[in-house]
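K.L.:
Throughout the sequence shown, residue numbering follows this note's numbering, covering -15 to 130 in sequence.
By construction, the Cβ of each residue, glycine as well, lies at the ideal position given by its N, Cα and C atoms.
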Amino acid sequence: MSDFKLGTFESDDLDQIVAIEKASFPDPYPRIVFAWFKSRVGEGFIVARKDGRVVGYLISEVRRGRGHIVSMAVAADCRRMGIGEAMARKSIDRLAGRVKQVYLEVHPSNKAGILLYHKLSFEETGRVRKRYYPDGEDAIEMARTV
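Put into structure tokens, the structure is as follows:
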């Protein structure tokens, strides 16, 4: 595991988070969405930093009585270092006192993400959200109890 620290979103992080988002997803969230989530979820907006730069983020919230991991991304040069796993574990721990289940949606083509979520005890719920993503791809819902 590399040397990184987890914290919460700071205003100065926005440009770096947007850059990671654009590099990670074909249909990235616009800049304003991150500011909106910051005002809405507070500590649910986790940021990973390494050597003074933002290298990852995770947004989670409570939605309809369940924990929801809304989005997570890690900078390409910092993947496979345990950063995504650490952010997810921190988020799950934070949500555990407030909900009994945490869920997320994932692209079926995101094999690395699916493997990580299985490692974190998420299971496919059997629910497929048709044409969930802007590119028309379906989403697989995965969930775990906490």
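With distances taken between CB atoms, is the gap from Ile43 to Leu88 smaller than 8 Å?
P.N.:
In this structure, Leu88 does not lie closer than 8 Å to Ile43 by Cβ.
K.L.:
How long is the line joining the alpha carbons of Phe21 and Val2, rounded to whole angstroms?
P.N.:
For Phe21 and Val2, the distance between alpha carbons rounds to 13 Å.
K.L.:
Tell me the rounded alpha-carbon separation between Gly66 and Ala127.
P.N.:
Taking the straight line joining both Cα atoms gives about 20 Å.
K.L.:
Helix, strand or coil for Phe106? Go by DSSP, reduced to three states.
P.N.:
The answer is coil: DSSP assigns Phe106 none of H, G, I, E or B.
K.L.:
Cα separation between Ala32 and Leu79?
P.N.:
Between Ala32 and Leu79, the C-alpha separation is close to 18 Å.
K.L.:
Do Val25 and Gly51 have their C-beta atoms within less than 8 Å of each other?
P.N.:
In this structure, Gly51 does not lie closer than 8 Å to Val25 by Cβ.
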